[in-house]
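S.K.: Can you read through this structure? Questions will come right after.
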Amino acid sequence: MQAIHDGQCGACGHFGEHHKTDVLVSILSSKKAEETFLDDCGHPKHAALHLKVTAISGCDGFVAAASA
Ligand code: SF4
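Positions in the sequence shown are counted from 1; adding 4 to them yields this note's numbering.
What follows is the structure in structure tokens.
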């Protein structure tokens, strides 16, 4: 497991935003994720490219996810 910090995809509202799953909710609440876990970035500038990111990736489009 990898710790997730503010600014990283696992804490971003765009991480898998079009299909929120239990895994995504648990990543957000525990601030930990498997290194190999990938999901879609739903940011409007990335969605059309079907960008897949890990929970510890990041970009300047970060927006803090609302806590569940
Ligand atoms: S790539 Fe950027 S916008 Fe997409 S989930 Fe990660 S931090 Fe958020």
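Just so you know, even glycine gets a beta-carbon here, dropped at the ideal spot from N, CA and C.
(1) What does the alpha-carbon distance come out to for the pair A52 and C45?
(2) Quick check: what's the CA-CA separation for K49 versus A68?
(3) Does any heavy atom of ligand 1 sit closer than 7 Å to the C-beta of H23?
(4) Hey, which unbroken runs of the beta strand (DSSP E) at 3 residues or more fall wholly within the stretch 37-71?
(5) Classify H18 as buried or exposed, calling it buried when 16 or more other Cβ atoms lie within 10 Å of its own Cβ.
M.R.: Walking through what the data contain:
(1) Looking at the two C-alpha atoms, the distance is approximately 10 Å.
(2) Computed Cα separation, rounded: 17 Å.
(3) No, Cβ of H23 sits at least 7 Å from all heavy atoms of ligand 1.
(4) You should have 42-44 and 56-58.
(5) Looking at its Cβ environment, which holds 16 or more other Cβ atoms inside 10 Å, H18 is buried.
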